[in-house]
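Engineer:
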Amino acid sequence: MIEKPFYRPRRLRKNHILRDLVKETYLSKNDLIYPIFIAEKENIKEEINSMPEIYRQSIDYAMEEINNAKEKGIKSFLLFGIPNNKDDIASSAYDDEGVIQKSLRKIKKNIKDIVLITDVCNCEYTSHGHCGIIKNNDVDNDSTLDLLVKTSLSHARAGADIIAPSDMMDGRIFNIRKALNENGFENIPIMSYSAKFSSFFYGPFREAAQSNPSFGDRKTYQIDYRNSNEAVFESKLDIEEGADIIMVKPALSYCDIIYKIKQELKRPLAAYNVSGEYSMVKAASSKGWVDENKLVLEILYSIKRAGADMIITYHAYKIADYIE
Ligand SMILES: [Zn+2]
17 MIEKPFYRPR RLRKNHILRD LVKETYLSKN DLIYPIFIAE KENIKEEINS MPEIYRQSID
77 YAMEEINNAK EKGIKSFLLF GIPNNKDDIA SSAYDDEGVI QKSLRKIKKN IKDIVLITDV
137 CNCEYTSHGH CGIIKNNDVD NDSTLDLLVK TSLSHARAGA DIIAPSDMMD GRIFNIRKAL
197 NENGFENIPI MSYSAKFSSF FYGPFREAAQ SNPSFGDRKT YQIDYRNSNE AVFESKLDIE
257 EGADIIMVKP ALSYCDIIYK IKQELKRPLA AYNVSGEYSM VKAASSKGWV DENKLVLEIL
317 YSIKRAGADM IITYHAYKIA DYIE
């Protein structure tokens, strides 16, 4: 004769109303940030091969997409620029007439009640595709800081709501914070890509932003994926240097890092559900192997459950129809 169980966790799973009553994790459209690739070229809207339904598009089309996303309830956007001209010193990154600067002014003028976050880095703007100035075949930290400060100030002048440096140079948050403060932008928050790993999940993004390094890799500045204490240390440093929001990138294979950083630092935390994570879902669903929407919800909930407060995701636009 079997013993009847005394504890029955299944009691609270009996129907969806009960399950909703006891759910521990919340996901809302307020948590999502939608990345947008803006090309300086006029009149183009090209779908990115490895990222179905994501476009490289000129400012007007980008505005249209932001408007449509806003109507669905997405309010925060992360902007990446694809300039017409690239050179060794990324000069179009900090040009007040650069693609992001022009876009910021135009979007701000035409669309209200949204938050525009700008990615600050050099790799989309350098001819060699690295995130900074090259010296001795490697990215030179300190001379790159100067470019990052110039780009941040230029974005702030053009109307950015949040500055998001993604380069992983040492000391950049301190220098950007100081420059923003000294130039009357003390109220503009910094979202730091504080724990950005050297990852193969970025492949499709590099096609999108045309930022593949022409030699070497980014291992001398991005974190080794075998480490987690280092990610906590990097994030702690960025908070001390003045970051308002910290970030873990990628997200899905790094939920342990999200959990650890949230537990230890207890600061606003973003997770970047990156291009490779997006493309894997799209590829499998296009073959009919998975249910895309259900899988995306599970992924986004997992990232929130790990401890992220907000998620940067290419799924934002589509999944907005399925969450509150
Ligand atoms: Zn970069």
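Going by our numbering, the sequence shown opens with residue 17, and the numbers climb by one from there. For glycine and all other residues, C-beta sits at the position ideal for the given N, C-alpha and C. The model shown is predicted, which means the values in this text are computed figures rather than measured ones.
(1) Cβ atoms of Lys-166 and Tyr-110: under 7 Å apart, would you say?
(2) On the CB-based measure, 16 or more other CB atoms within 10 Å of its CB, does His-331 come out buried or exposed?
(3) Ignoring anything shorter than 4 residues or poking outside the stretch 279-303, list the alpha helix (DSSP H) runs there in chain order.
(4) Just to check, is the beta-carbon of Asp-104 closer than 6 Å to a non-hydrogen atom of ligand 1?
(5) Can you find a heavy atom of ligand 1 that lies under 6 Å from the Cβ of Asp-183?
(6) Run through the DSSP bridge pairs and tell me what Lys-51 is partnered with.
(7) Check whether the Cβ of Ala-139 sits closer than 6 Å to any heavy atom of ligand 1, and report yes or no.
(8) Rounded C-beta distance between Ile-339 and Leu-43? I'm assuming under 8 Å.
(9) By how many angstroms is the C-alpha of Arg-24 removed from the C-alpha of Pro-181?
(10) So for Tyr-71, helix, strand or coil by DSSP?
(11) I'd like to check one pair, Leu-120 with Ile-52: are the Cβ atoms closer than 7 Å?
(12) Opposite Met-263 in the DSSP bridges: which residues?
(13) Are Asp-177 and Ser-210 touching if we call contact CB-CB under 7 Å?
(14) Please state if the CB of Gly-145 and the CB of Cys-137 are separated by a distance shorter than 7 Å.
(15) Around the Cβ of Arg-72, are there at least 16 other Cβ atoms within 10 angstroms (buried) or fewer (exposed)?
(16) So Val-136 is in the beta strand (DSSP E); what residue range does that whole segment cover?
(17) Can Cys-271 be considered in contact with ligand 1, in the sense that its beta carbon sits closer than 6 Å to one or more heavy atoms?
(18) By the 10 Å Cβ neighbour count, where 16 or more other Cβ atoms means buried, how is His-32 classified, buried or exposed?
(19) Name the one or two DSSP bridge partners that Pro-181 has.
(20) Quick one, are the C-beta atoms of Ile-327 and Asp-47 less than 7 Å apart?
(21) For the putative contact between Val-290 and Phe-221, defined by C-beta atoms under 8 Å, what is the C-beta separation to the nearest angstrom?
(22) Quick check on the burial criterion: 16 or more other C-beta atoms within 10 angstroms. Buried or exposed for Pro-21?
(23) So Thr-236 is in the alpha helix (DSSP H); what residue range does that whole segment cover?
(24) Please state whether the Cβ-Cβ distance between Ile-204 and Leu-196 is less than 7 Å.
(25) Roughly how many whole angstroms lie between the Cα atoms of Ser-318 and Glu-246?
(26) If you reduce the DSSP assignment to three classes, tell me which class Val-165 lands in.
(27) At a cut of 8 Å, does the stretch 272-281 reach the stretch 300-312 through at least three beta carbon pairs?
Structural biologist: To lay it out plainly:
(1) Counting from 1 along the sequence shown, the entry for residue 110 is found at position 94. Counting from 1 along the sequence shown, the entry for residue 166 is found at position 150. When the beta-carbon positions are compared, Tyr-110 and Lys-166 come within less than 7 Å of each other.
(2) Sequence index remark: in the sequence shown, residue 331 carries index 315 (1-based). The residue in question, His-331, is buried, as its Cβ has 16 or more Cβ neighbours within 10 Å.
(3) Within the stretch 279-303, complete alpha helix (DSSP H) segments of at least 4 residues are found at 291-302, given in chain order.
(4) Within the sequence shown, numbered from 1, the residue matching residue 104 stands at position 88. Incorrect: Asp-104 has no Cβ contact closer than 6 Å to ligand 1.
(5) Mapped onto the sequence shown, residue 183 falls at position 167. Yes; taking the cut-off as 6 Å, the Cβ of Asp-183 has a heavy atom of ligand 1 nearer than that.
(6) Mapped onto the sequence shown, residue 51 falls at position 35. Looking at the sequence provided, one finds Pro at residue 51 rather than Lys. For Pro-51, which the question treats as bridged, DSSP gives the partners Leu-94.
(7) Residue 139 sits at position 123 when you count from the first residue of the sequence shown. Per the sequence shown, residue 139 should be read as Cys rather than Ala. Yes, the beta carbon of Cys-139 sits closer than 6 Å to at least one heavy atom of ligand 1.
(8) Within the sequence shown, numbered from 1, the residue matching residue 339 stands at position 323. Within the sequence shown, numbered from 1, the residue matching residue 43 stands at position 27. Sure, about 6 Å apart at Cβ, within 8 Å.
(9) Position 165 of the sequence shown holds residue 181. Position 8 of the sequence shown holds residue 24. So the alpha carbons of these two residues sit roughly 49 Å apart.
(10) Position 55 of the sequence shown holds residue 71. The three-state secondary structure of Tyr-71, taken from DSSP, is strand.
(11) Here residue 52 refers to the residue found at position 36 of the sequence shown. Here residue 120 refers to the residue found at position 104 of the sequence shown. The answer is no: Cβ separation not under 7 Å.
(12) Numbered from its first residue, the sequence shown carries residue 263 at position 247. Met-263 is bridged to Ala-286.
(13) Start at 1 with the first residue of the sequence shown, and residue 177 comes out as number 161. Start at 1 with the first residue of the sequence shown, and residue 210 comes out as number 194. Ser-210 sits away from Asp-177, with the two beta carbons spaced by 7 Å or more.
(14) As a position in the sequence shown, residue 137 is number 121, starting the count at 1. As a position in the sequence shown, residue 145 is number 129, starting the count at 1. No; because the gap between Cβ atoms is not below 7 Å, this pair is not in contact.
(15) Counted from its first residue, the sequence shown places residue 72 at position 56. Arg-72 should be labelled buried.
(16) The count along the sequence shown starts at 1 and reaches residue 136 at position 120. From DSSP, the beta strand (DSSP E) with Val-136 extends over 131-136.
(17) Against the sequence shown, residue 271 aligns to sequence position 255. No; taking the cut-off as 6 Å, the Cβ of Cys-271 has no heavy atom of ligand 1 nearer than that.
(18) Here residue 32 corresponds to residue number 16 of the sequence shown, with the count starting at 1. Exposed, because fewer than 16 other Cβ atoms sit within 10 Å of the Cβ of His-32.
(19) Position 165 of the sequence shown, counted from the start, is the residue given in the question as residue 181. In DSSP, Pro-181 forms a bridge with Val-136.
(20) Here residue 327 is taken as the residue at index 311 of the sequence shown, counted from 1. Here residue 47 is taken as the residue at index 31 of the sequence shown, counted from 1. For the pair Ile-327 and Asp-47, the CB atoms are nearer than the 7 Å cut-off.
(21) The residue labelled residue 290 in the question sits at position 274 within the sequence shown. The residue labelled residue 221 in the question sits at position 205 within the sequence shown. Yes, Val-290 and Phe-221 are in contact; Cβ-Cβ is about 7 Å, under 8 Å.
(22) For the purposes of this step, residue 21 is identified with residue 5 of the sequence shown, where counting begins at 1. Within a 10 Å sphere around the beta-carbon of Pro-21 sit fewer than 16 other beta-carbons, which makes this residue exposed.
(23) To locate residue 236, count along the sequence shown from 1; it is residue 220. DSSP places Thr-236 in no alpha helix (DSSP H); its state is neither H nor E.
(24) Along the sequence shown, read from residue 1 onward, the residue named residue 204 stands at position 188. Along the sequence shown, read from residue 1 onward, the residue named residue 196 stands at position 180. Taking C-beta atoms as the reference points, Ile-204 and Leu-196 count as a pair closer than 7 Å.
(25) Walking along the sequence shown from the start, residue 318 turns up at place 302. Walking along the sequence shown from the start, residue 246 turns up at place 230. Their Cα atoms are separated by approximately 23 Å.
(26) Within the sequence shown, numbered from 1, the residue matching residue 165 stands at position 149. Collapsing the DSSP output to three states places Val-165 in a helix.
(27) Touching, no, given that fewer than three Cβ pairs across the two stretches are closer than 8 Å.
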